[in-house]
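Q: Okay, handing you the structure first.
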Amino acid sequence: MKQIAVAFVALALAACSNQPKTTEERKAAEPKKAAQAPDRFYVQFATTKGDFIMEVNRNWAPRGADRVYELVQEKFYDGSRFYRVVKGFIVQFGISGDPKQSELWSQLKLPDDPVMQKNARGSVSFAKSGPGSRTTQLFINLKDNSRQLDGNNFAPVGRIVKGMDVVDSLYAGYGEVQNLRGAGPDAQRLEAVGEEYLERSFPRLDKINSATIVDYKS
539 MKQIAVAFVA LALAACSNQP KTTEERKAAE PKKAAQAPDR FYVQFATTKG
589 DFIMEVNRNW APRGADRVYE LVQEKFYDGS RFYRVVKGFI VQFGISGDPK
639 QSELWSQLKL PDDPVMQKNA RGSVSFAKSG PGSRTTQLFI NLKDNSRQLD
689 GNNFAPVGRI VKGMDVVDSL YAGYGEVQNL RGAGPDAQRL EAVGEEYLER
739 SFPRLDKINS ATIVDYKS
């Protein structure tokens with residue numbers, strides 16, 4: 539299912555072609571609504587350090603949960619790196635190794651969800667730069683960050699239910715990202731250049747081999 543990609547292409551083509559003339563053509567050109575996620579689902583991340591499982595709860599953050607569900611089904615996270623790993627704070631991921639994908643999804647910002655849960659250790663939230671700016675990037679809290687993040691409207695969409703030890707072991711040697719005054723990857727450059735940039739300059743960063751919706755019982 540490639541609903542978002544189809545919708546974006548349809549909009550781009552509409553700007554440089556004649557408007558559809560028939561009812562069928564008009565319906566085909568309309569953006570398609572993303573599928574609603576189940577009330578609860580589980581995503582297994584197979585990484586270069588091992589596997590971990592994230593539980594996503596739609597009651598916590600419905601818009602965010604729907605986006606995660608869609609991104610996983612689209613295989614968006616497959617091959618992407620944990621590009622920001624700050625010990626005692628967070629692990630962040632969700633910038634595609636393909637710059638075209640980053641450009642596409644940057645246009646598809648989500649309205650904020652209210653904060654229903656705390657940014658406790660193991661909880662997972664969308665990264666954002668301001669109100670209504672969420673797109674694809676997620677972070678996992680390595681400690682209880684609720685005091686810092688809850689009041690800034692970072693709404694958890696889920697939590698790690700298995701493999702938090704794997705998350706803790708992800709390579710953190712490069713430190714904070716450059717646009718936050720660290721020595722790690724520059725997020726804007728990563729979006730523009732993609733995997734080539736990381737492979738050349740930050741090859742030790744761990745990677746998501748695949749992210750898959752799975753059945754799981756704790």
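Throughout the sequence shown, residue numbering follows this note's numbering, covering 539 to 756 in sequence.
All residues carry an ideal CB built from backbone N, CA and C; glycine is no exception.
Have a look at R619 and G632 and give me their C-alpha separation to the nearest angstrom.
A: 7 Å
Q: Can you tell me the Cα-Cα spacing of P741 and K638, whole angstroms?
A: 21 Å
Q: Name the residue from Q686, R738, N657 and L718 whose alpha carbon lies nearest to the alpha carbon of I698.
A: N657
Q: Consider the Cβ of D724: report whether some Cβ of chain B lies at a distance smaller than 8 Å.
A: Of the chains in the structure shown, none is chain B; there is only one protein chain.
Q: Can you tell me whether DSSP reads N691 as helix, strand or coil?
A: Coil, per DSSP.
Q: Please name the residue, chosen from M702, A665 and T585, that lies closest to L743 on a Cα-to-Cα basis.
A: T585
Q: One question on the structure: do E593 and G701 come within less than 8 Å of each other, judged by their Cβ atoms?
A: no
Q: Mind checking who G696 pairs with in its DSSP beta bridge?
A: V594 and V662
Q: Quick check on the burial criterion: 16 or more other C-beta atoms within 10 angstroms. Buried or exposed for L718?
A: exposed
Q: Here's the rule: buried if 16 or more other CB atoms are within 10 angstroms of the residue's CB, otherwise exposed. What is Q686?
A: exposed
Q: Could you give the DSSP three-state label for Y580: helix, strand or coil?
A: strand
Q: May I have the straight-line CA-CA distance separating T673 from S644, to the nearest angstrom?
A: 6 Å
Q: How far does the alpha helix (DSSP H) with S644 in it extend, from its first residue to its last?
A: P637 to S644
Q: What are the start and end residues of the alpha helix (DSSP H) that includes A725?
A: Following the DSSP letters along the chain, one finds A725 inside the alpha helix (DSSP H) bounded by residues A725 to V731.
Q: Given a cut-off of 8 Å, decide if R622 and Q630 are closer than it, judged by their beta-carbon atoms.
A: yes
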